[in-house]
Each structure stands twice: as structure tokens, then as C-alpha cells.
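Scroll down for the structure; my scribbles are underneath it.
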Amino acid sequence: MTILERPRHVGPGVDRVDGPQKVTGAARYPNDFSHPDMAHAALVRATIAAGRVARLDTGAAESAPGVLAVLTHLNAPRLATGPSALLATPPPPLRDDRILYYGQYVAVVVADTPERASAAARRIEVGYEPAEPLLDIHDPRAERLPDPWGSDASWGDTRAALDDAHVVIEASYTTAENTNNPLGLFSTLAEWDGDTLTVHDSTQWPTRVRATLAQMFGVPEAGVRVLVLYVGGGFGAGLRVWPHVILTAMAARQTGRPVKLVMTRPEMFTGIGHRPATVQHIRIGATRDGRLTAIEHESRSTVAIEGDNIEPCATVSTAAYACPNVTAHDEQVRLNIPWTNSMRAPGEAQGNFVLESAIDELSHALGIDPLELRLRNYAEVHPRSGLPWSSKALRECYEVGAERFGWSRRVPEPGSMREGDWLVGYGMAGISYFWYQAPCQARATVRGDGTAYVRSAVTDIGTGTYTIMTQLAAELLGLEQDRVTFGLGDTSMPPGPQAGGSGLTAALGSAVHAACRNLVRAFLDAAAADPASPLAGCDLDDVAVTGGRVHRVGEPERGESYAGILAMRGLDELSADGDSTPRTPQEAGMAPAGPFGARFVEVRVDPELGRLSVARVVSAIDGGRILNEKLARSQIIGGTVGGIGMAMFEDTVSDPGTGRIANATLGDYLVPVNADIPDMDVSFVGGPDAFNPIGVKGVGEIGLVGMAAAIANAVFHATGKRIRSVPITIDRLL
Ligand code: MCN
Ligand code: MOS
């Protein structure tokens, strides 16, 4: 069975299979579920960043109308700790009187209506014994964690190369804290029946939620079922099992009622992670003709007390360019802040800003066009391992992007391009994104009526998983798309990984590929039971599937339909499982490549008022085989909007004395609106990747990356002013 050579169903921009459900309101998100005798939970959050709870008065809340329970550290059941693996679960909530960050939960109130729960929550009085919080990334008292995720790298002799370089660029950069802010308020509905637990939850990782709840409440994992048919976005916020999920399950167990919790927007700023602030320092050495001789990149990001977070910023500099001497070092600083966590393109977003700004600084210092400088240092092989890439079309990204943008019209001298009163700037950035793929399982079934059902316990967070997996299964089983249903978001299905690291399409797609192949093999075996079958003696490689039939390659007549094979064997249906565990780079003899990309941006700056706007964005992306061009384009467009947010608007501001977030609403935390978003041109280049059987790479995060650098570089080109901190606000521009 040769597949995906001339795909019919994958590639083109098929509409979302769940589009009608979404736009008619029929799609059910976690907080659309309810239960007749359901109770509601409301949270009480600490108003200091460090110290302890000294006094608690819950009397007024307990006697408030409709209140069923008030849980605090004084009466909450003690829970076991959750998984400490990648993206660890925070410690059990309400375990003691210590406060480690502003917004930490100190109580949960359960009542018969949401209004009564939150009214009672406001009547709880908490007295604190405050300690002095650590809130500043530069605070020398804060604990430092060097190389926290083991990605530091060093080769050659960077110091000596910097000493010998003809030109050295050296600068410090900062990036602000950002908050994920998915539109859908995170929500949990928990219902116990003895030791079995059913949970609807806004998560990107249902199997992790199940494992965590089982472990923390000490019940068998098989008795915990997590459901998440739709999620109103996550951008990384749904990658962990946050304390509110545990508290909802705890409240349900204590009250013996199903309990629902819907977070408020301010709670979404403290309770489900955020992008850490970073301070980064870079030194780049080069020859006069623009050959990189050394890169030294150091980054510091923030992490909560007791928290963990993977934010590889300096690591970006180990994968981007051919350079004989490289040193990359990341470290974290522990502060009394809410948990930092992955937010779309963690580490890459901030690290790329620094590297690609510094490359632009170098191009200006050398008088070499920024695009030409990047091409002169193109990494033909994976710089760290020396292995060939599984695919790399970055050069095409540069070429196609530059062509579509009209990069050749750029007049090099800063401040030399104008339109009326506006200064015009052209800027660009390259991207070499990381690769991530986790193991995944899927199951495929074909029934007697010629329909197929394929499923895995994963999520579709708005990306289009339902649609692309329907397309892929239709392709692999030789069925029309309307004959195929893809199921997800239920832990009773075969286990799958998180929608994260832009890795679900590769992981799940490979598992679906394996399941479908195994299923066709099962049909071959069933057919071979009849020696007269035209498929007798056939191997997978001898057959193709089209129109609901398995037939010999190139001989559509010599085959049998799925329905015919099932009928002949007296079966209702046949099923098969598929498993996809990625090979190691050593096994494969190649470096698994993530996506590559080039961004070209035109900005306008009003030199009198410091107003900045983005006039055009051109993106060229190598995402391997694109399964659905319409959805993939949406991913790049959505990411680009996020990148404009990071570059120009988003800044989670905390009060330096108390750690209270000062702008924890969507009125105060600025995100781009339509008026900030220009025309966006997206092209996909390159072809199937060699690392996984379906040839895909991820595109979910790369759209955000490179925007901060491209915009800052365009601002420099427009104004001659180098801005090394994002967001680029008016005060920084003037
Ligand atoms: N796709 C494609 N062809 C490919 C790869 C992807 O057509 N070769 C399209 C598909 O529609 C697929 C989507 O792009 O569903 C994203 O695929 P992938 O890059 O594999 O990313 P994941 O499925 O792992 O999704 C997670 C990723 C991450 S890590 C963040 S953060 C993010 C993102 O996706 N958060 C999002 N995109 C988001 N989009 C929406 N609407 N909401 C979020 O919260
Ligand atoms: Mo994405 S930040 O890995 O969910």
C-alpha cells in the first residue's frame, strides 16, 4: 500500500468538519455541560505574594444562603502529589498555610448557584502574616537554576573566537511577561460515583489530567474519565493540570455533588501559567565579509517558587546558523510569582527575538543586506550534531518571502524610506523552530456499511485536529471524507499526547497512519481466508485503497470492498490499533527538523508621536507536507497576530511591591485588535519531511516566532533606533 504519493484528500483547504457545530453553537465546550443537581465552586485568592495565612474567618461564608462547603487548608483533605514529569502538576492546593505567590488559592466555596458561591467567597476574611516577596528578576537573593532543562550547549572556543573576530556585536535584551489569554474561560465539571470520577475540563492533555487526578486522589486510573470535545483555545495554558482542576474534583468529592467551576478572567492571569519575562545577553563575532565566527547567548527567565518551566531561549542560537564556536546558556530565577508556563512558542519566541535582532545589528555594522548575511551563514546540516536535516527549505522560505514582499526595493540606509509624514521600515527575521514529537496511539474501525471511525484521546484546541485527521484517515482508507468520523477528547480512547510543542499532527497523524495500515492488513488477512479472493497472497505493498475497496496496485478490478470482505467473514466491523513512537536521530541517521520560516515586515512610524503600525507581513513557512492549507494558513495568521501582540502590546504588569498583577483584565491587558492587523501573506514551501511516515512538521507555533525581531528590525530601518525590549511601546520609541 503506497500512500500519500498522489493524495486526494490531504493538502487542499478543506473546510473544518466541525465548522457548522461551532458556528451554530452546537459544539459543546467543557462549561456547556451541566448536571441536574450540580453545585458551583468559587475561588478565593491570596492578596499577598509571600508569607502565610495567619487567620481565617469562614463563618459568614458558611452561613451564607445556598452554601454547601467552604474548604481551606484547615479542613481540606490531604492529597498526594501529582506527576513530576515534563510540565509537572503544581503541589496539591490548600495543603498548608504558606503563600508563595499573589493569587494562590486559599479557599474554595461550593454553593447551589455560581452567584451564591462567589458572593459567599467574598465574605471570607483572610488575615496574613506577610514576608518580603522576591519579585525582581535581578534580585540577588533569588535562587538561580543553571541549565534547568539540560539544553545548554557549547562547541569550539567561543571566547577566543570573539577575541579574534573582526566585528563583534554585543547587546542585552529584555522581553516582558505575557499571559496566554485563550478566549474560552477555563472550566472544570467533576462528578464522583464512589471511586470513579468523570471530568469535563479545558485541557490540551486529557490523558495527563486523568493520570494526575488518579494519582492525587488515590483512585484507579481506569476509573477516571476525562472529556474535552472542544476547547476555546489554550496557547499552552492547558498543558498542565492546574490547582483549580484539583479543587473542583476535591469539592465534588467533599459535597457528594457534581461541581462546576468556571474561572474568571482575572483568575486566568494567575491560575493557568504565563510566559516568563526574560533578560538576555548576546555576543556575535564575524569576519568582515559576514561569516559568523562566534555566538554567545545567555538567557535568564523567571520561574515560580516550587515551579518548573521549559523556556529554552539561548538554545535558539544553537540551531539557526552554521557557526564554528557557539555557547548557549539558559538559567531560571525563582520568584514569588504565579507559575510560569509554556505560551505559544516558549523560549523560541524570546530567543529568536534576540538572535534575529543581533543578526540585523551585525548586518548594519557590516553593511551587508540582512537577507544576504543570513544566506552566507546558512546551516546546511544540523549545527549541533552535524547530522543532515530530515528536511530544510529555509532557503526557499527566504527566496519566496523576499520575492513576494519586494525586499529588493529596500533602501539600506535607516530613515531613508518615507510615505508622507510616516517613516517606512522593512525588516525581516529567519526561524529554525525546534522539533517535538511524543508517542501516540490511535484505533481505526471500518464497519459493514462502509463507514470508518478513527479515534485517539487527544484534543482539538482550535487547530483543526478533527478535520485533518478525517482527511488523513479518508486518504489512508480510500474512503470519501463524509464516510469517516474522527473522535477525540475522551480518555476511554487509546492514549495520545498533549496538543503541544507543535507536535500533535506528527504524533497523531503517524499513529493514524499506523492504525489505518494495520486495518488494511487486517482486511487483507480476512480476505486471504478465501483462496479465491483476488487479494489472496497480497501484501500491504501490493495493494491500494480507493472507493471503499482494497485492490491490487494499478488493477482496480482485482479487489474487494470492505463491506464485501466483512460480509464474507460474517463480521460487523474490523478494527486495528496504531502506535507511533518516533525514532531517535541516531536510529534515523538524521536530525529531525522542525518547521522553518522567514518573515518580512513593513512598518510605519510617526516620528512626532511615536506611533507604530505594521503595514504588511509576508510569511514563508516550511511545514513539511501541509495536510490542510486553509487550516495551516489560519495557524500562521493566528500566530502572527500573537507575534504582533508580543512585539507591540502584550505586557503583564505586576506591582513591584506586592506582586499583584495590575492589568488582569482584557480591558487593561492589550492584545492586537483588527485595526492593528495588516494584510498578511502566507506561503508554504518545501515538501514532505523524512522523519515521520506522513511527512509533516508542526505549524502551530512558528507563526508567532520572528515577528518581534522582524518588527524591531523594521523599526530600526525606519528610524535608526534599535529597540531591544518588547513590547515596543511609544515611550520606548520616542
Ligand atoms: N497543520 C497542517 N499541516 C501540517 C501541520 C499542521 O495542516 N503539516 C495544521 C492542522 O490544522 C493542525 C494545525 O495546523 O491541526 C496545528 O498542528 P501542529 O503544528 O501539529 O500543532 P498541534 O496540533 O500540536 O497544536 C498545538 C499548537 C500549539 S503548541 C499552540 S501553543 C497553539 C497552536 O497549536 N495553540 C493554539 N495553535 C493554536 N490554535 C488555536 N486556534 N488555539 C490555540 O490555543
Ligand atoms: Mo503550545 S505553548 O506547546 O501548547
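Residue numbering for the sequence shown follows our numbering, beginning at 329 and increasing consecutively.
The C-beta atom is built at its ideal place from N, Cα and C for all residues, glycine as well.
Model, not experiment: these values are computed from the prediction.
| query | result |
| --- | --- |
| In three-state DSSP terms, what is residue 769? | strand |
| Would you please state the rounded distance, in angstroms, between the beta carbons of residue 462 and residue 449? I believe it to be under 8 angstroms. | At roughly 28 angstroms, the Cβ-Cβ gap does not stay under 8 angstroms, so residue 462 and residue 449 are not in contact. |
| Going by the beta-carbon positions, is the gap between residue 1043 and residue 933 smaller than 8 angstroms? | yes |
| Could you check the C-alpha separation between residue 1046 and residue 782 for me, to the nearest Å? | 52 angstroms |
| Please check the pair residue 501 and residue 681, which I expect to be a contact at CB under 8 angstroms, by giving their CB distance rounded to whole angstroms. | 7 angstroms |
| The ligand MOS and residue 532: does the residue's C-beta get closer than 7 angstroms to at least one heavy atom of that ligand? | yes |
| Hey, is residue 963 close to the ligand NAP, as in C-beta under 7 angstroms from one of its heavy atoms? | The ligand NAP is absent from the structure shown, which contains only the ligand MCN and the ligand MOS. |
| Run through the DSSP bridge pairs and tell me what residue 941 is partnered with. | 932 |
| In this structure, does DSSP put residue 621 in helix, strand or coil? | strand |
| Using beta-carbon positions only, say whether residue 812 and residue 835 come within less than 8 angstroms of one another. | no |
| Please list the segments of the alpha helix (DSSP H) lying wholly inside the stretch 961–1046, counting only runs of 4 or more residues, in order along the chain. | none |
| Measuring straight from C-alpha to C-alpha, what distance separates residue 993 and residue 512? | 14 angstroms |
| Compute the minimum distance between the beta carbon of residue 960 and the heavy atoms of the ligand MCN, and state whether it is under 7 angstroms. | yes |
| Nearest-angstrom Cα distance between residue 383 and residue 576? | 24 angstroms |
| If you draw a straight line from the C-alpha of residue 405 to the C-alpha of residue 541, how long is it? | 14 angstroms |
| Use the C-beta contact count for residue 861: other C-beta atoms within 10 angstroms, 16 or more gives buried, fewer gives exposed. | buried |
| Out of 393, 528, 579 and 475, state which residue places its alpha-carbon closest to the alpha-carbon of residue 401. | 579 |
| Does the Cβ of residue 330 have 16 or more other Cβ atoms within 10 Å, making it buried, or fewer, making it exposed? | Because residue 330 carries a pLDDT of 48, less than 50, the predicted location of this residue cannot be relied on, and no value is offered for it. |
| Taking DSSP as the reference, what is the three-state secondary structure of residue 344? | coil |
| Do residue 666 and residue 630 have their CB atoms nearer than 8 angstroms? | no |
| Going along the chain, which residues of its own chain have a beta-carbon closer than 7 angstroms to the beta-carbon of residue 969, five neighbours each way excluded? | 1000 and 1005 |
| Please go through the stretch 452–520 and give each complete beta strand (DSSP E) segment of 3 or more residues, from N-terminal end onward. | 453–458, 472–474, 481–483 and 495–503 |
| Quick one: what's got a C-beta closer than 7 angstroms to residue 457's C-beta in the same chain, skipping five residues either side? | 379, 380 and 382 |
| Looking only at C-alpha atoms, which of 895, 901, 903 and 852 sits nearest to residue 887? | 852 |
| Buried or exposed: residue 937, going by 16 or more other Cβ atoms within 10 Å of its Cβ? | exposed |
| Report all residues from its chain with a CB closer than 6 angstroms to the CB of residue 571; omit the five preceding and five following residues, and keep chain order. | 418, 421 and 433 |
| Quick check: the stretch 747–761 against the stretch 912–919, are at least 3 beta-carbon pairs closer than 8 angstroms? | no |
| Please return the same chain residues whose Cβ sits closer than 6 angstroms to the Cβ of residue 557, not counting the five positions on each side in sequence. | 356 and 817 |
| So which of 1038, 554 and 825 has the shortest CA-CA distance to residue 971? | 1038 |
| Using alpha carbons as the reference points, say which of 669, 750 and 663 lies closest to residue 596. | 669 |
| Quick check: is any heavy atom of the ligand MCN less than 7 angstroms from the C-beta of residue 827? | yes |
| How big is the Cα-Cα spacing for residue 613 and residue 622? | 5 angstroms |
| Which word fits residue 804, buried or exposed, when buried means at least 16 other C-beta atoms lie within 10 angstroms of its C-beta? | buried |
| Can you tell me which of the three DSSP states residue 950 falls into? | strand |
| Under the three-state reduction of DSSP, which class applies to residue 368: helix, strand or coil? | strand |
| What number of angstroms, rounded off, separates the C-alpha of residue 809 from the C-alpha of residue 943? | 39 angstroms |
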